[in-house]
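So for the sequence shown, our numbering puts the first residue at 42; every next one is plus one.
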Amino acid sequence: MTKGSQLIKFLFESGVFKAQSEEDKQKIIYLNQGIIIGTIMFIPNLVFEAIIGFLPATILNLVFITSAIICYIINGQGRYNIARNITFIVLNLILLTACFTEGTQTGNYLIYSSLILLFPILVKLKDKNSQVGFLFGFTILCLILSVSLCPKVGYLPGLHEADAALMFKGNFMVSFGLTTILAYIIYLITQNRETELIKAKEIAEESAKVKLQFLSNMSHELRTPLNGIIGTTNLLKLDEHLPQQTEQFELLNYSSKHMLHLVNDLLDFSKMESGKIELANRPFNFKKFIENIYNSFAAQFEQKNLFFKLLHNDVNLDFFISSDDIRLSQILNNLLSNA
42 MTKGSQLIKF LFESGVFKAQ SEEDKQKIIY LNQGIIIGTI MFIPNLVFEA
92 IIGFLPATIL NLVFITSAII CYIINGQGRY NIARNITFIV LNLILLTACF
142 TEGTQTGNYL IYSSLILLFP ILVKLKDKNS QVGFLFGFTI LCLILSVSLC
192 PKVGYLPGLH EADAALMFKG NFMVSFGLTT ILAYIIYLIT QNRETELIKA
242 KEIAEESAKV KLQFLSNMSH ELRTPLNGII GTTNLLKLDE HLPQQTEQFE
292 LLNYSSKHML HLVNDLLDFS KMESGKIELA NRPFNFKKFI ENIYNSFAAQ
342 FEQKNLFFKL LHNDVNLDFF ISSDDIRLSQ ILNNLLSNA
């Protein structure tokens, strides 16, 4: 990077170290660019007006350049909102004053096209506070006053018609140049936003892939011990055991199979994301189903001294129904866990 490039980068990025976010950093940079470029483009007008000896216009341009330097310093201190507000207000007042002193014949009102084009940039930079609305209204008001109330020939004498024609051409070139630059800045901001969205999408897609890969890799780790528990439980049930242990083995077997079903459903993550999970329709004994649910929570309720009773003798529960017992079990388990 050349020394000239380093200097330009330094001037544009003045104050970014005080920005609290990436968006604030961009706002400071773009305001610095606007102040510097706008000031440079107004210098030829200042020189020309000084040469022809039109003092009012020379003073106005000196006021603008001085205020631009002050706003640049304020922005460099990280006070973006203050610098932005002063820049808009001073520029509007200077343009309005120039239209009254020089007349519409010099074309100062043409600069408003560039000034209004700054507001789409503020919107794209998410600069959406109430102050921006005030600045926009103030700019439109000054533009209306400049076009409708200002005379063709200014109130202050001393400006020749030929000089006024040259000043009109100069203001036209400044307006055209600033409008072109601002349109390019809007294009760059739009491109940056699109690039950020594309990167965010790629990161999200990559994250989803990693998540799916993780679940796929964990499938064997989770299923293997569960299958071992289920197999061992079935073997223990075949061996001699105490009568009261039968119910415990059945609960262990039921809980293990239930967990295996849940793991299988959880691991099928792509199906869950696409909304293609289908409910099963298989027959099961409702009384046995309720007893398994009861046995899973009985100890927890007893430890907390909560009333939890199963109607073992209710013959109305002893029947078969066709439904998704796994999903139904999930619902009841959640409800009882919350209870």
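Where is the CB? At the ideal position from N, CA and C, for every residue including glycine.
{"query": "Who pairs with I127 in a beta bridge, going by DSSP?", "result": "I127 is not bridged to any residue."}
{"query": "Since N326 is in the alpha helix (DSSP H), which residue starts that stretch and which ends it?", "result": "It is not in any alpha helix (DSSP H) - N326 instead sits in the beta strand (DSSP E) that spans R323 to N326."}
{"query": "Going by DSSP, which residues form a beta bridge with S363?", "result": "P324"}
{"query": "Using alpha carbons as the reference points, say which of I115, Q344 and V104 lies closest to L132.", "result": "V104"}
{"query": "For A339, which of helix, strand or coil comes out of DSSP?", "result": "helix"}
{"query": "Which value, in whole angstroms, describes the spacing of the CA atoms of F348 and N326?", "result": "25 Å"}
{"query": "Report the residue from Y113, G75 and K165 whose alpha carbon sits nearest the alpha carbon of E64.", "result": "K165"}
{"query": "Thinking C-beta only, is Y121 closer than 8 Å to K68?", "result": "yes"}
{"query": "Go through the stretch 119-175 residue by residue and report every complete run of the alpha helix (DSSP H) that reaches 4 residues or more, in order.", "result": "121-143 and 152-165"}
{"query": "Exposed or buried, which one is G79 when buried takes at least 16 other CB atoms within 10 Å?", "result": "buried"}
{"query": "List in chain order: all unbroken alpha helix (DSSP H) runs of 4+ residues lying wholly within the stretch 53-128.", "result": "63-93 and 96-117"}
{"query": "Could you tell me whether the stretch 108-119 touches the stretch 141-148, using the rule of 3 or more Cβ pairs below 8 Å?", "result": "no"}
{"query": "Compare the Cα-Cα distances from H299 to each of G218, T274 and I367 and report the closest residue.", "result": "I367"}
{"query": "Taking its Cβ as the centre, do 16 or more other Cβ atoms sit within 10 Å of M259, making it buried, or is it exposed?", "result": "exposed"}
{"query": "Who are the near neighbours of I222 in its chain, counting only those whose CB is closer than 8 Å to its CB and skipping five residues on each side?", "result": "I78"}
{"query": "Count the C-beta pairs between the stretch 123-137 and the stretch 165-182 that are closer than 8 Å, then say yes if the count reaches three, no if not.", "result": "yes"}
{"query": "Can you say whether V356 is buried or exposed, counting buried as having 16 or more other CB atoms within 10 angstroms of its CB?", "result": "exposed"}
{"query": "Can you find the residues in the same chain that come closer than 7 Å, C-beta to C-beta, to I93, ignoring five residues on each side of it along the sequence?", "result": "D204"}
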